[in-house]
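>
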Amino acid sequence: MNANTRITISCRDRVGLVSDITGRLFDIGVNLGPTGFALDQGRATFTTQCELPDTCPITECEVALCELSMEQAEVTVEAIYPVLPAANAPGATHMIECSGIDQPGLIARLSEIFIEFNANIVQLAASATNENDSRVYTTRFAVSIPVDRAAACLATLANTAGSLRLLFKFEEIGA
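Mapping the sequence shown onto UniProt numbering, position 160 (from 1) lands on 160, and the numbers just tick up by one.
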């Protein structure tokens with residue numbers, strides 16, 4: 001599934017709320033991705049990243065959800081834009097990907113390395129998936145690395161990724 005939309009609904013809770021929301025989304029052809037529901041002091045919050053069909057623009061989805069019986073509702077339907085391919089990351093010299101078991105501070109640890117080598121992050125995308133009873137986290141950086149520092153930067157990233165038990169790969173853009 002390629003999520004292209006994020007939906008957030010906050011309203012007063014009631015019996016059947018999740019069923020009504022998900023039923024309406026099904027009726028308009030939405031394919032749900034990561035979805036959550038939480039209740040806090042009588043206020044319900046439903047969130048999902050989903051795939052909205054081409055036949056249903058964001059405005060129609062929002063109207064369809066607002067037609068549901070919900071008190072004090074705040075409905076947000078917004079586009080999620082996929083990360084552009086590295087070739088479309090102006091100024092980037094390298095595409096770097098690290099993936100492995102999710103652990104706290106991954107992006108912070110990896111992005112700190114770029115500072116050492118005067119490298120600038122042009123784009124960043126991170127996602128998590130569940131695979132074999134583990135949460136696998138994948139981070140993709142489109143980075144501008146000075147030519148004279150690229151080899152050392154990539155070697156440091158590879159070593160750090162290895163110490164964190166991450167798979168590491170990179171591609172020079174335009175090479």
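Backbone N, C-alpha and C define an ideal beta-carbon position, used for all residues, glycine too. Everything numeric in this text was worked out from a predicted model, so none of it was measured.
Enumerate in chain order the residues of its own chain whose CB-to-CB distance from Val147 is below 8 Å, with the five nearest sequence positions on each side excluded.
Taken in chain order, the residues that qualify are Thr93.
> State the DSSP-derived secondary structure class of Ser111, mapped to helix, strand or coil.
Note: Ser111 maps to helix in three-state DSSP.
> Using DSSP's beta-bridge definition, name the partner residues of Arg149.
Answer by DSSP bridge pairing: none, since Arg149 is not bridged.
> With 16 other CB atoms within 10 Å as the buried threshold, where does Ser99 fall?
By the neighbour-count rule (16 or more Cβ atoms within 10 Å), Ser99 is buried.
> Measure the Cβ-Cβ separation of Cys61 and Val18 and say whether it is below 9 Å.
Their beta carbons are not under 9 Å apart, which means Cys61 does not touch Val18 by this criterion.
> For Pro53, tell me which candidate among Val63, Thr5 and Met70 has the shortest Cα-Cα distance.
Out of Val63, Thr5 and Met70, Thr5 has the C-alpha closest to the C-alpha of Pro53.
> Are the CB atoms of Cys66 and Ala44 nearer to each other than 9 Å?
No; because the gap between Cβ atoms is not below 9 Å, this pair is not in contact.
> Within its chain, find whatever has a CB closer than 6 Å to the CB of Glu172; leave out the 5 residues flanking it on each side and keep chain order.
So the list reads His94, once near-sequence residues are dropped.
> Name the two residues that bound the continuous beta strand (DSSP E) containing Val18.
Careful: Val18 lies outside any beta strand (DSSP E), inside the alpha helix (DSSP H) at Leu17 to Asp27.
> Below 8 Å, how does it come out for the region 150-169 and the region 120-130: are there three or more Cβ pairs, yes or no?
They do not touch, by the three-pair rule.
> For Ala161 versus Leu110, is the C-beta distance shorter than 9 Å?
Against a cut-off of 9 Å, the Cβ pair of Leu110 and Ala161 comes out as a contact.
> Classify Ile7: buried if its beta carbon has 16 or more other beta carbons within 10 angstroms, exposed otherwise.
The residue is buried, with at least 16 neighbouring Cβ atoms inside 10 Å.
> For the beta strand (DSSP E) holding Glu62, just list the boundary residues, first then last.
Note, Glu62: premise wrong, no beta strand (DSSP E); alpha helix (DSSP H) at Ile58 to Cys66.
> Beta carbon of Arg24, beta carbon of Ala64: below 9 Å?
Yes, Cβ-Cβ distance for Arg24 and Ala64 is below 9 Å.
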